[in-house]
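Heads up, the sequence shown is in full-length UniProt numbering, so the first residue is 1 and it goes up one at a time.
No residue lacks a Cβ here, since even glycine has one placed at the ideal position from N, Cα and C.
Just so we're clear, the structure is a prediction, and the values are computed from it rather than from any experiment.
A short worksheet on the structure shown next.
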Amino acid sequence: MNLYDVQLETGSERGWETKDAAEELKSVAESRVFAYSLQRSREKWLNSVFPKFTSKSKKGSKAGSDTSAVLPHDLRFRGICEVQIGPHIFSNTSFQEAVYLTPATDQTSSIPSYVGLTSNAASHSTFEPTTASPALIDQINAAAATNPVLASLLQLASTGQATQDQLQMLSVTIRSLAANPIHSSHYGQSNLAPVATSTSPASKKDADLVVTFAESSQIRFVIPRGIAVCEPVSGTGNDLEFDVVLYVQLHNKENVNTPAGHSQNSSYDKSHMLRMTLRGASESLWNTINHWIGGEDIIKANREILDGLKAKRRRKTYLAYRLPEGSVLDRVRAASSAPYPMKFLKPPASIPRPRRSKKTILSNVSQASLTSYLPSSETQTTTLSRRKRNTAELTENYNAALDLAAAITGAGQTGSSTSNGPAHSSTIPTPNSVVLAGAPPPPSKKQKSRTSRKTANDFQPAATEIKCRSCQATNVPLMLGGRFCRTCVEAGRGTADIPQVPGHGSRASASYTPNIHQRHPDLMQWQISPLATLQIALM
């Protein structure tokens, strides 16, 4: 027995539990009987009250375990509306019409008679190859216009979907039309009626009204047939939407498959009428319900029977909405506090597989095999000597360039003062060899890896102040490359700062002339002009 299925006592009148109560009763809110009854009744309406039409099969479930085998059918959507059954309101409830089709075995039962007829006709007369004359084409088109079976055979043959039997029947029909040029409608209706394999005719079983609730969309239910009455509450047939009240005879589960020999009165005593209010029903749904019941005449007859059933209906019973302390109260509270059973509209996502631990590739490699890939001591020595040789050559070129620049410009140098002296001992400064005074020690490898992650945007240089170089004035327009203001230029204070070319009378001499005779006496015999100095510097 399920924990949530609690058997509650009922009485003939409201509040019967308060009369002659031996124990103290809890209030209606504390007892939670009202909430429990609403929850359980809604679950039953969504799952077990109506007979099941079909349900979507799940993985691992046996075929036909939930419902019996359903005949071949065609579901036709009729509309969506709001359904009210007692205190429950089911929104977005869809209605469909299940039209049953004739099985394939019933369709082929009449074909052998037609085949025998054509074989007998073929035995009495021999057909020659038929030529497609314009008269024959017109005759076939006229026959296809009046006979849908012939038109279907022609369409299947043109698309290449016809079977061998259908092609043979079509060939015999065309030859018979060519041999007997009579009215095509007479030939088509008399001889081609048994052949109806391309379409599935409707079965003799009446169509069913299928309902699907939005809260249990995986299951379709059938509204049981019986004494049914439908009547519009508001609106007319010309309106787009209107309310409909549908009275349906609902049997108990043990009496659903009642034998046909039982009398109607016995079935009345074991069933009750269900009132369903359809709010916002469409005209298509209204017409479908009328057709499902059987028309206006049957509705009138059922209304008279319904009036007789109302007089025989059972008396109402009432629950005990107030309970004393005990096991029943505890079970009701536990059941009412449980959430509504929810069903997934989509299957749950697959559980992610755990990631496999990556094994170190070098764990299976022996130490001896690794030594073959490492460079030998001879290779390391050769690489080191090559680096030293390149550094020495670069140092010599650098010192020669410094000597030449000093000889041209006359600038002092920290080395020896003669050109014939020994080579300078200074080396090319490298990032690793230059150490500023007061600078912190070089960072370790871990600190380097951390600082390398910083982007270039972290460095923000100081802003340069724009001002005149002479009067130090700011917020003034500058001239001569943005160095002097107009007042200083007009006063002549910006001319001295501009380097002048010597040899021109209108301009001042150069502010700096290299004195190479004092520092290098060997070069006194050379008269080097400024242009020559520039050419030597470029070399």
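Check: Cβ-Cβ separation, Cys230 to Val244 (assumed contact under 8 Å), whole Å; Outcome: 6 Å
Check: DSSP state of Ala334 mapped onto helix, strand, coil; Outcome: helix
Check: DSSP-derived helix/strand/coil call for Gln218; Outcome: coil
Check: Three-way DSSP call (helix, strand, coil) for Leu8 in this model; Outcome: coil
Check: Between the CA atoms of Leu101 and Leu167 - distance to the nearest angstrom; Outcome: 25 Å
Check: One or two residues paired with Cys81 in a DSSP bridge; Outcome: Thr93
Check: Cβ shell of Thr288 (< 6 Å), same chain only, five flanking positions each side left out; Outcome: Arg78, Glu97
Check: The stretch 314-334 in contact with the stretch 24-44 per 3-pair CB rule at 8 Å; Outcome: yes
Check: Three-state secondary structure (DSSP) of Cys230; Outcome: strand
Check: Environment of Gln249 [buried if 16+ CB atoms lie within 10 Å]; Outcome: buried
Check: Alpha-carbon to alpha-carbon, Thr93 and Leu8; Outcome: 31 Å
Check: Close-in-space but distant-in-sequence residues of the same chain around Ala473 (CB under 7 Å, 5 per side omitted); Outcome: Lys467, Cys485
Check: Where the beta strand (DSSP E) through Asp297 begins and ends; Outcome: Here Asp297 belongs to no beta strand (DSSP E); instead the alpha helix (DSSP H) covers 296-312.
Check: Beta-carbon proximity list for Phe90, same chain, < 6 Å, skipping 5 on both sides; Outcome: Val83, Phe213
Check: Beta-carbon contacts of Trp292 that lie in its chain and below 6 Å, excluding the five residues immediately before and after; Outcome: Leu209
Check: N- and C-terminal bounds of the alpha helix (DSSP H) containing Asp138; Outcome: 134-146
Check: Collapsed DSSP secondary structure at Cys488 in the structure displayed; Outcome: helix
Check: Exposed unless 16 or more other CB atoms sit within 10 angstroms - verdict on Arg14; Outcome: exposed
Check: Status (buried if at least 16 other CB within 10 Å, exposed otherwise) for Gly494; Outcome: buried
Check: Residue burial classification, Thr10 (beta-carbon count within 10 angstroms, cutoff 16); Outcome: exposed
Check: Which residues DSSP lists as bridging Thr212, in chain order; Outcome: Ser94
Check: Local conformation of Arg14 per DSSP, three classes; Outcome: coil
Check: Nearest-angstrom Cα separation, counted from Pro87 out to Arg42; Outcome: 9 Å
Check: Beta-carbon contacts of Glu396 that lie in its chain and below 6 Å, excluding the five residues immediately before and after; Outcome: none
Check: Given Ala144 as reference, the closest of Lys44, Thr173, Ala207 once Cα atoms are compared; Outcome: Thr173
Check: For Gly308 and Asp165, the rounded distance between their alpha carbons; Outcome: 58 Å
Check: CB of Val222 within 9 Å of CB of Tyr36, strictly; Outcome: no
Check: Exposure label - Ser12; buried when at least 16 CB within 10 Å; Outcome: exposed
Check: For Tyr247, three-class secondary structure by DSSP; Outcome: strand
Check: Endpoints, alpha helix (DSSP H) assigned at Gln39; Outcome: 33-47
Check: Residues near Glu17 in its chain [Cβ-Cβ closer than 6 Å; skip 5 each side]; Outcome: Ala320, Arg322
Check: Reduced DSSP category for Lys205 - H, G, I as helix; E, B as strand; rest coil; Outcome: coil
Check: Proximity below 9 Å, CB of Val6 to CB of Ala207; Outcome: no
Check: CB of Leu136 within 9 Å of CB of Val99, strictly; Outcome: no
Check: Whole-angstrom distance between Arg279 and Lys44, CA atom to CA atom; Outcome: 22 Å
Check: For Val476, three-class secondary structure by DSSP; Outcome: coil
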